[in-house]
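Numbering (my numbering), first residue to last: 2 to 134.
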């Protein structure tokens with residue numbers, strides 16, 4: 002279901018109407034990938050591969066939630082989804098850097114998350130969180 006007006010040019014960003022539901026449909030493939038990611042994350046924590054006291058638990062839980070809600074249409078095409086995904090990556094990277102010390106992977110996670118948060122956050126402040134990407 003497309004919420005883009007028929008007369009809107011392709012390069013113009015559209016916004017979902019305020020009364021349009023954000024969780025109107027399910028994207029089965031995206032939701033299935035998110036469920037597999039969440040199941041793997043739970044297994045990694047329960048099996049001891051990731052310590053329950055590790056900052057990775059917070060990052061994995063945040064990303065699992067973000068990926069799960071990404072399986073819903075049209076929410077997964079809004080700036081709100083992209084801002085939340087960027088914030089989850091940034092928070093995970095910052096937690097790892099602050100608790101576990103310097104490492105390249107957390108630096109990249111936090112850096113890319115921060116860049117995404119700046120890019121999508123600016124657009125969300127300008128166009129609204131319901132604007133589509």
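Note that the Cβ used here is the ideal one computed from N, Cα and C, for glycine as well.
Predicted model only: the values in this text are computed from it and were never measured.
Can you tell me whether residue i is helix, strand or coil according to DSSP?
i	result
residue 132	strand
residue 57	helix
residue 9	Note that residue 9 scores 48 on pLDDT, short of 50, meaning its location in the model is unreliable and no value can be drawn from it.
What are the boundary residues of the alpha helix (DSSP H) that residue i is part of?
i	result
residue 41	29-47
residue 90	80-101
In the DSSP assignment, find the unbroken beta strand (DSSP E) run with residue i in it and report its ends.
i	result
residue 73	73-75
Determine which residues share a DSSP beta bridge with residue i and list them.
i	result
residue 24	75
Assuming the contact rule is C-beta atoms closer than 8 Å, residue i and residue j should be a hit. Round their C-beta distance to whole Å, please.
i	j	result
residue 117	residue 16	About 20 Å separates the two Cβ atoms, so there is no contact after all.
residue 31	residue 72	5 Å
residue 101	residue 53	Not a contact, Cβ separation roughly 15 Å.
residue 84	residue 44	That pair is no contact at about 29 Å.
residue 58	residue 51	6 Å
Thinking C-beta only, is residue j closer than 8 Å to residue i?
i	j	result
residue 89	residue 64	yes
residue 92	residue 124	no
residue 96	residue 108	no
Against chain D, does residue i count as a neighbour if the rule is that its beta carbon must be under 8 Å from one of theirs?
i	result
residue 93	Absent from the structure is chain D; it holds one protein chain and no more.
Using a Cβ-based criterion (distance less than 7 Å to any ligand heavy atom), does residue i qualify as near the ligand FAD?
i	result
residue 77	Within the structure as shown, the ligand FAD is missing, as the structure has no ligands at all.
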